[in-house]
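Everything on this sheet refers to the single structure shown next.
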Amino acid sequence: MTDSAQLLIDLKRELKALEADLRVRAEDASSSWGASLREEYQQAHEHERTGRDWIGWRDGEVAQAGVAWIIACVFIRFCEDNGLLLGARKNGRVVAQPWIAAPGDGLERAVENEAAFYAAAPTETSRGWLQQAFGALADLPAGGPLVDREHSAVWHAEISAEAADGLLTFFRRTTPDGRLVHDFRDPDLGTRFLGDLYQDLSDYAKKTYALLQTPIFVEQFILDQTLTPAIKEFGLTDLKVIDPACGSGHFLLGAFERLITEWRAKAPGLDGGELANRALNSVYGVDLNPFAIAISRFRLTVAAIKAAGISTITSAPAFTYHLAIGDSLLGGQSVATQLDLGDGEYFEYQSEDLREYAGILTPRQYHVVVANPPYIQPPDAKLRDAYRARYETCHGKYALSVPFMELLFRLAKPKDVASGAGYVGQITSNSFMKREFGKKLIEKYLSGEYTGLSPDFVELTHIIDTSGAYIPGHGTPTVILMGRPRKPLTDVVRAVLGVRGEPGQPKDPANGLVWRDIIDHVDQPGYDGTYVTVADMPRETYAKFPWSLSGGGAGELKERLEALGAVKLSSVPFRIGVFGIQGADDAFMVTPDEARRRAEPAAFRPLVVGDVIRDWTITSADPTFFPYDGLHDLQPIEAFPKQARSMWPLRTELGNRATFTRGTYFSDGRPWYEWHQLPQDQGASPLSITFAFVATHNHFVLDRGGKVFKQSAPVIKLPEGATEDDHYDLLGVLNSSTACFWLKQVSQNKGNGGIGGGIGDEAWEPRYEFTSTKLQDFPLPNERARNLARLIDETAQSRAAVSPSAALQTSMNLAQARATGVDLGRKLVALQEELDWRMYCAYGLADSDLLAPADAELPLIDPAERAFEIRLARDVEAGRVVTSWFARHKRAPLTDLSASWPAWYTELVDRRLAAIDANRSLRMLEQPEYKRRWNTPSWDDQLADAVHTALLDRLEAPELWRDASGRPLARTAAQVADALRRDERVRELLGIRTGSHDYDMTVEIGKLLAPEAVPGFAPLRYKPAGIEKFRAWQRTWEQQRAEDRGERVDVDVPPKYKPTDFLKNTYWSARGKLDVPKERFVSFPGAQLPDDSTDVYGWAGWDHAERGQAIARLANDLMRAGADDQQLIPLIGALLELQPWLDQWHEEVDARAGVSPASAISGATSALLQRLGIGADTVNAWRPAPATRGRKKA
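My numbering applies: residue 3 is where the sequence shown begins, and numbers increase by one.
Below is the structure:
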C-alpha cells in the first residue's frame, strides 16, 4: 500500500497546478465551464446561497474541481492496482486495461492502451483518455454514483490537455528500479487513506468546510451508545441511520460494518449481494462537500463488495446508496421555506444532487442520528442569515454546532404508540456551553422543557466532557452528547465531568488515559477517578446557561464562592463591555511610525489589545484612527486630511460593512469612516479597568485615560466620581487566583489554537474566553484588598518605567535598569502571593494565620519560590506528577524553602504548604491553572526588540531619504550605511544588537531594511492570485473616482487578500487582508546600481509625488548606467501604478517647476517607455523570472 502521508504531500502539489489551470479556464467566458460558472454564481448570489465576491467564490469552485479530478484518478488507480475493474465492458466488448498504470507490466500496458486510443481518435487528448477511465467506472451498475456523469466536476470542469498530461505523469512515476512510486495494492482493500485526503488535500476546502475526520475510537463509542441499543429496540428491518454531516464516511462505514454483522447473525444464509444491500439500505448520509460524498460512496462500495464476497466492482450489483450532496441545514425544509428562485423552483449547485434523494432530510424518520458537525461559524454571511431564519436556536455569532444540534434531534423519529424515540449522538465543539450564543440552545432546546420547536422535547441522556481527552486533530475542546427526541423520563442526566487533562500525547489515542477513564466508567455513576468524575446530575443543572463540566469538587467550590460572595460584580460598575468596535481593524489601525509620519496627532489614540494586558501592565498600545472628540461625537473626515487621503482607497470596503439592521453603511446613511460601535459612556469615570478577553489566566489593569480599547480588551467602567480606590477595590479581587478559578468554571476553554491546533496537555495551557457577561456574575467578597492592589499596581508601573524600551528612550544605564527591573519583578511576585492568600481568607477558605503581618516587609521572591511551585516540584521529584510547567517557564524547580528568607516568612510558607495538603479547596486553587504564570519575555529579548525598533526609527529619518536639495532620493543599503557611519547612537545600538563592535554596518543595515520593505510594483509583491485581486481593487478605485466626479456608477466591492496572495510573508505582515501599506520602506528588487550590489530602497513616508520623483530619478540613473530592460521595466511599472494617484492628488502646478507633479512624472514615464520601445501593456504583463533553487552564496 502506498505511503499515505507522502501521497498527500505529493497530491497537494498536483492540486496547486490543477487549480492554476482551472482558474484560467474559469475566467474564459468562451468555455462552457467558464460561462456556466458565471451563470451559476449569479443565481447563487441572487438567491442567497452565497454572499462572497466572484473571485472568492470562483476559487472555491476551482478547488472543488481540482480535487474531483485528483480523487477520480485515485479511485481509478486503486481499482487498477487491486483488479476491481477487471472484466469491465463497453458496447459488449471487454475494455482494455489499465488506463493509468498498475503493478508489474501495467504501466507499459497503460501506455500502449493510451496510444491505441489516440490512433482511433487522433483529435483526442490525455483529458479524454482519463475520462475514458472514469467512464468505465461510471458505466458499471455499482460505479455510477462514484463519478456521477450528471454532477461530478470531471465531466464539466474540463482541464487542459497539459494538465491532464501532468496527472498521468504523476500517477505513472516510478522509482529508479522501475516500481511505481504510489502503489495502491492492499489485500484488505483499506480505504482509510481516502479520509486523510478528504481532510488535508485542499487547504481551501479544509478551511471552508472545517474538514475533520472522526477518529475510529470516537465513532465506535458513539455508535455503541446509539446504534447498538437502536438495533436492540427497533430491530434490523427498515432501520435507518443518518449522518447529515458525513464527511468521508467514518460513521457510515462503522454503521455499515455493524449492520453486516447483525444481518449475518440474523440471516446467515443471505446472498452476499442482498446482505450488502440490506445494510446499505439502512445507511444515509449528506454533506455539502462534493468530494466528501464521492469518497464516502467509494468507501462504502469497497466495503460492500468485501461484505458480499465479490472480488470486483465490475461484478457487483447496483448497490443502494442514500448519500446526497447538498446543504443539510437547508435541504430538509419544506418547499415554502426553501431557498428558491422566487417562483418556488428549488436552486441547487451543479455539484449538488439532493433533489435526487427526495425525502432524505425529511424530519422525524431516523432511528439513529450521529454526527461530528463543523465547529466553525458560518463562513458566508448569506448562509449565516439563512440558517438563522430556519433554526430558532441560532443566536448571536453562533457556531454551526447550534443549527446541527437542532437538525440532529429534528431528524430522529419521535416516540409513537408502536415504538420509542430515536437515538441521537454527536461529538461537537463545547463552545455553546459557555459562549453567549449557546444560551438559547441550552435554555430553550436542551433543558428538557417544552421547546415549542421540532421536536417538542429533547431528553439529554449523556453529557460527556471530552475536552481533556487527546483526540487527534481536534484542537477545539469537545463534548459528546447523547439524547432522544422525547419528554425526559428521568430528572437526571449522566454526566462525565473532567478532572484532569491527558498528561502528554499518548502513543495510541484510543487508549489515552482520559479516554479510557471515560469509556471504562461512563456506566458507573459515583465514579471519582484521576481524570473524570461520573455522576447522575439533576437535569435542572443543565437547563441553565452556562454549563460547567468540571469534576473533582470544582463545582462544589464554585457554589461555595458564590454563596460566600457579598454581591455580584454587576451591582458595582456603570457598565462592563467593549469600549467600542472598529469593524475594520486593518483599515483603522496603524503602526507608530505611520502615525508619526502622518503628523496628525488628533486623528489617533493608543489602542489597547488583549495580548498586551499582562501582569498588571499594558505593555504597549499602537495607534488607531479615532475620529471622535472627548464626548465620542464623530468628527468630519475633513478634520483629518492626511488620514482621509490614506483611507480613501478603502471607502467602498468600509462603506459596505454590514450594519446591525443587516444593511450597509452606505444603505443606512452612516459615514463610511466611523467605528462600527462606540458607546458614549456619559456618566462614567474617565478611568477604566481593562482585561484580556482571551488568555490562559486572568489579567486586569487600571488605565487612567487617553487610550481606546479593542474588543479583545473589554473595560469595566465605574460611575462618574468613582475614585482610584474604588477601582483598586475591584482590581485586587479580579487579579487573584480565586477569581481565575471562578472565571474558568464559567468561561469557554478555547484550546490551543482551533482545529488541528492541539489541546494543551496540562490544565494551565488552554486559553479561555473571559466575557463581560460572565464577569458580571462574579461574586465579590466584603474584603477587597484595596491597599495591596494599589501597591502592586504602583510596583508594576515602576517596573515598566525601567523596561528596555523606556531605558533606551531616557538614556538610562542599562545594567542599572536591568537590576532594578529584576528586583521589582520579584517584589511583584511576593505581593501577588499575599493577594491570593488574602482572597482565600476573604472568601472564608483559609485562616488569617496564613497571611503575612500587615506591617511586615516581604522578602523578594522568584516565581519558583511560591508555595504551590515548591509543592509541585516535590511532587515531580517524587514521581507523582509529570509537568512541563518549569521547563516552559524556564525556571528550575525548587523543593526547599529559601535560606535567605526571614524566619517568619519561612514559617508562613510552611504553614501554607500544610494548609494546601489539608484543605481540598486550597489544593484546588493552588494549582498552575489558577496561579499567575509570570511568563514575561526575558530582559534580553525585550532589549533586542527595543534596539530593533530604535534602529528602524533612526533609519526612517527623512533626511536619509533626500538629497542636499531636499529632493526625494532612493538609496542602496550601502549608501544608507555610509550616511550613518558617524552616527554614534546608531553605532551604539548596532553594538548592542550584534553583541560586538566589530560588525559590518552595510550588512547590518541591509538586514534591518529588507524585512521592513515592500516592492513598489505589483508583480514583485503578489503571486498571480494576488495580482488578480489587485486589478480588481484598481477597478474599484477607478469607479470611486468616477463617483467623485459625480457620475452614477455601481462600485464593486473588491476581494480581500490572503497570505498566499503575497510573494513573501513579510509583505502580508505589512499589508494584511485589505492590502493597506504599513511598511516602513519601499524596495526596488533588481534595480542594481553600478559598483554596488546591495538592494535599493525608498522611504514609505514619501507622498505619491515624492515617490514618483524618486523612482523616475532612479530609472534615469540606471538607464544612464546601462541597465537592461529587466531592471527598468519594474520601475516603469511602479510609475504606471502611481499615475492615477498622482492625477488624483497632485495635479496642481508646482510654482517652482512650472508643471504639476502628475504631468511631470507622466512625461518621465512616457519618455522611459519610448526609450525602451514598449507600451504600458507590456509593462503590466511583465513578471519576474521564477526563483531558482540552488546553494546559497557564502
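For glycine and all other residues, C-beta sits at the position ideal for the given N, C-alpha and C.
Margin query: Within 8 Å of any Cβ in chain C, is that where the Cβ of tyrosine 120 sits?
Written below: Given the protein chain composition of this structure (a single chain), no chain C is represented.
Checklist line | Where arginine 664 falls: helix, strand or coil (DSSP) | finding: Numbered from its first residue, the sequence shown carries residue 664 at position 662. Coil.
Check: Roughly how many angstroms lie between the CA atoms of arginine 25 and threonine 230, to the nearest whole one?
Finding: Within the sequence shown, residue 25 is the residue found at index 23, counting from 1. Within the sequence shown, residue 230 is the residue found at index 228, counting from 1. Taken atom to atom, the span from the alpha-carbon of arginine 25 to that of threonine 230 is near 47 Å.
Margin query: Taking DSSP's pairing of strands, which residues face glutamine 428 in a bridge?
Written below: Working through the sequence shown from its first residue, we reach residue 428 at position 426. Ala373, Leu483, per the DSSP bridge assignment.
Margin query: Going by DSSP in three states, arginine 187 sits in which element: helix, strand or coil?
Written below: Position 185 of the sequence shown, counted from the start, is the residue given in the question as residue 187. The answer is coil: DSSP assigns arginine 187 none of H, G, I, E or B.
Next item on the list: Pull up the CB-CB distance for valine 534 and glycine 553, whole angstroms please, since I reckon it's below 8 Å.
Entry: The residue given as residue 534 occupies position 532 in the sequence shown. The residue given as residue 553 occupies position 551 in the sequence shown. Between glycine 553 and valine 534 the Cβ distance is about 6 Å, and since that is below 8 Å, they are a contact.
Next item on the list: Grab me the residues of proline 594's own chain with a C-beta within less than 7 Å of its C-beta, minus the 5 sequence neighbours each way, in chain order.
Entry: Against the sequence shown, residue 594 aligns to sequence position 592. Counting only Cβ-Cβ distances below 7 Å, and skipping sequence neighbours, we find Asp624, Pro625.
Check: With burial defined as no fewer than 16 other Cβ atoms inside 10 Å of the residue's Cβ, what is the status of threonine 125: buried or exposed?
Finding: As a first step, residue 125 must be located in the sequence shown, where it is residue number 123. Classified as exposed, threonine 125 has fewer than 16 neighbouring CB atoms from the shown chains inside 10 Å of its CB.
Check: Comparing alpha-carbon positions, which option in Ala144, Asp205, Phe195 lies nearest leucine 17?
Finding: By one-based count along the sequence shown, residue 17 stands at place 15. Between leucine 17 and the set Ala144, Asp205, Phe195, the nearest pair of CA atoms involves Asp205.
Check: When DSSP builds the beta bridges, which residues end up paired with leucine 325?
Finding: Within the sequence shown, the letter at position 323 stands for residue 325. Partner(s): Gly287.
Item checked: Start-to-end residues for the alpha helix (DSSP H) that takes in asparagine 1067 -> Here residue 1067 is taken as the residue at index 1065 of the sequence shown, counted from 1. Where asparagine 1067 is concerned, the enclosing alpha helix (DSSP H) stretches over 1067 to 1073.
Item checked: Coarse secondary structure for tryptophan 1143, derived from DSSP in three states -> Residue numbering aside, residue 1143 sits at position 1141 when the sequence shown is read from its first letter. Under the three-state reduction of DSSP output, tryptophan 1143 falls in the helix class.
Notebook entry, point to check: Can you give the beta carbon distance from aspartate 202 to lysine 209, rounded, assuming they're within the 8 Å contact cut?
Noted result: Here residue 202 is taken as the residue at index 200 of the sequence shown, counted from 1. Here residue 209 is taken as the residue at index 207 of the sequence shown, counted from 1. Actually they are not in contact, since the Cβ atoms of aspartate 202 and lysine 209 sit about 11 Å apart, beyond 8 Å.
Notebook entry, point to check: Quick one: what's got a C-beta closer than 6 Å to serine 923's C-beta in the same chain, skipping five residues either side?
Noted result: The residue given as residue 923 occupies position 921 in the sequence shown. Here the set comprises Leu559, Leu847.
Next item on the list: With DSSP as the reference, label tryptophan 1184 as helix, strand or coil.
Entry: Position 1182 of the sequence shown, counting from 1, holds the residue named residue 1184. Taken through DSSP and simplified to helix, strand or coil, tryptophan 1184 comes out as coil.
Notebook entry, point to check: Is the Cβ-Cβ distance between glycine 475 and glycine 500 less than 8 Å?
Noted result: On the sequence shown, position 473 is the one that residue 475 refers to. On the sequence shown, position 498 is the one that residue 500 refers to. Not a contact, by the Cβ cut-off of 8 Å.
Next item on the list: Would you please state the rounded distance, in angstroms, between the beta carbons of alanine 976 and threonine 1096? I believe it to be under 8 Å.
Entry: Counting from 1 along the sequence shown, the entry for residue 976 is found at position 974. Counting from 1 along the sequence shown, the entry for residue 1096 is found at position 1094. At roughly 4 Å, the Cβ-Cβ gap stays under 8 Å, so alanine 976 and threonine 1096 are in contact.
Next item on the list: Flag this pair as yes or no: are the beta carbons of serine 886 and glutamate 764 separated by less than 8 Å?
Entry: Residue numbering aside, residue 886 sits at position 884 when the sequence shown is read from its first letter. Residue numbering aside, residue 764 sits at position 762 when the sequence shown is read from its first letter. Annotated as proximal: serine 886 and glutamate 764, with beta-carbon spacing under 8 Å.
Check: Nearest CA to the CA of valine 569: which residue from Glu110, Gln778, Ala257, Asp1126?
Finding: Your numbering for residue 569 matches position 567 in the sequence shown. The residue among Glu110, Gln778, Ala257, Asp1126 with its C-alpha nearest the C-alpha of valine 569 is Gln778.
Item checked: The beta strand (DSSP E) enclosing valine 494, as first and last residue numbers -> Position 492 of the sequence shown, counted from the start, is the residue given in the question as residue 494. Looking at the DSSP string, the run of the beta strand (DSSP E) that includes valine 494 is 494 to 500.
Note to self: Between the alpha carbons of proline 716 and arginine 437, how many angstroms are there, rounded?
What the structure shows: Position 714 of the sequence shown, counting from 1, holds the residue named residue 716. Position 435 of the sequence shown, counting from 1, holds the residue named residue 437. Proline 716 and arginine 437 have their alpha carbons spaced roughly 16 Å apart.
Margin query: Using the Cβ count rule (16 or more neighbours within 10 Å means buried), how would you classify lysine 399?
Written below: Position 397 of the sequence shown, counting from 1, holds the residue named residue 399. The residue is exposed, with fewer than 16 neighbouring Cβ atoms inside 10 Å.
Notebook entry, point to check: Based on Cα-Cα distance, which residue from Arg562, Ser298, Ala112 lies nearest to leucine 199?
Noted result: Working through the sequence shown from its first residue, we reach residue 199 at position 197. Per the Cα distances, Ser298.
Margin query: Taking the alpha-carbon of alanine 582 as reference, which of Ile620, Trp677, Asp538, Pro490 has the nearest alpha-carbon?
Written below: Residue numbering aside, residue 582 sits at position 580 when the sequence shown is read from its first letter. Note on residue identity: the sequence assigns glycine, not alanine, to residue 582. In terms of CA proximity to glycine 582, Trp677 leads the group Ile620, Trp677, Asp538, Pro490.
Next item on the list: Reducing DSSP to helix, strand and coil, say where lysine 92 ends up.
Entry: Locating residue 92 in the sequence shown gives position 90, where the first residue counts as 1. Residue state for lysine 92 is assigned as strand, using DSSP reduced to three classes.
Notebook entry, point to check: Taking all protein chains shown into account, do 16 or more other C-beta atoms lie within 10 angstroms of the C-beta of glycine 361, making it buried, or fewer, making it exposed?
Noted result: The residue labelled residue 361 in the question sits at position 359 within the sequence shown. With fewer than 16 neighbouring CB atoms inside 10 Å of its own CB, glycine 361 falls in the exposed class.
Checklist line | Pairwise C-alpha distance: cysteine 396 and aspartate 1179 | finding: Against the sequence shown, residue 1179 aligns to sequence position 1177. Against the sequence shown, residue 396 aligns to sequence position 394. So the two alpha carbons sit approximately 51 Å from each other.
Next item on the list: Starting from the Cα of glycine 275, find the closest Cα among Gly256, Glu602, Ser317 and give me that residue.
Entry: Locating residue 275 in the sequence shown gives position 273, where the first residue counts as 1. The residue among Gly256, Glu602, Ser317 with its C-alpha nearest the C-alpha of glycine 275 is Ser317.
Check: With a CB to CB cut of under 7 Å and the five nearest residues on each side skipped, what residues in its chain are close to alanine 31?
Finding: Taking the first residue of the sequence shown as position 1, residue 31 is located at position 29. Listed in chain order, the non-local C-beta contacts of alanine 31 below 7 Å within the same chain comprise Ala37, Arg40, local neighbours out to five positions each way being set aside.
Next item on the list: For aspartate 185, collect the residues of the same chain with a Cβ closer than 8 Å to its Cβ; drop the 5 residues on either side in sequence, then sort them by chain order.
Entry: For the purposes of this step, residue 185 is taken as residue 183 along the sequence shown, with counting starting at 1. Result list for aspartate 185: Met3, Thr4, Asp83, Pro105, in chain order.
Item checked: serine 690 (DSSP reduced to helix, strand or coil) -> By 1-based counting over the sequence shown, the position of residue 690 is 688. Strand at serine 690.
Check: Which residue comes first and which comes last in the beta strand (DSSP E) that contains tyrosine 770?
Finding: Numbered from 1 along the sequence shown, position 768 holds the residue referred to as residue 770. 769 to 771 is the extent of the beta strand (DSSP E) around tyrosine 770.
Check: How is the alpha helix (DSSP H) around isoleucine 918 delimited, first residue to last?
Finding: On the sequence shown, position 916 is the one that residue 918 refers to. Run containing isoleucine 918: 905 to 920, per the alpha helix (DSSP H) assignment.
Notebook entry, point to check: If you count every other CB in all the chains shown that lies within 10 Å of the CB of valine 426, and 16 or more means buried, which is it?
Noted result: Here residue 426 refers to the residue found at position 424 when the sequence shown is read from its first residue. Answer is buried; the Cβ neighbour count reaches 16.
Check: So, do the segment 961 to 981 and the segment 995 to 1011 have three or more beta carbon pairs nearer to each other than 8 Å?
Finding: They touch, by the three-pair rule.
Next item on the list: Determine contact between the segment 284 to 298 and the segment 104 to 118, defined as no fewer than three beta-carbon pairs at a distance below 8 Å.
Entry: Result no; under three Cβ-Cβ pairs closer than 8 Å.
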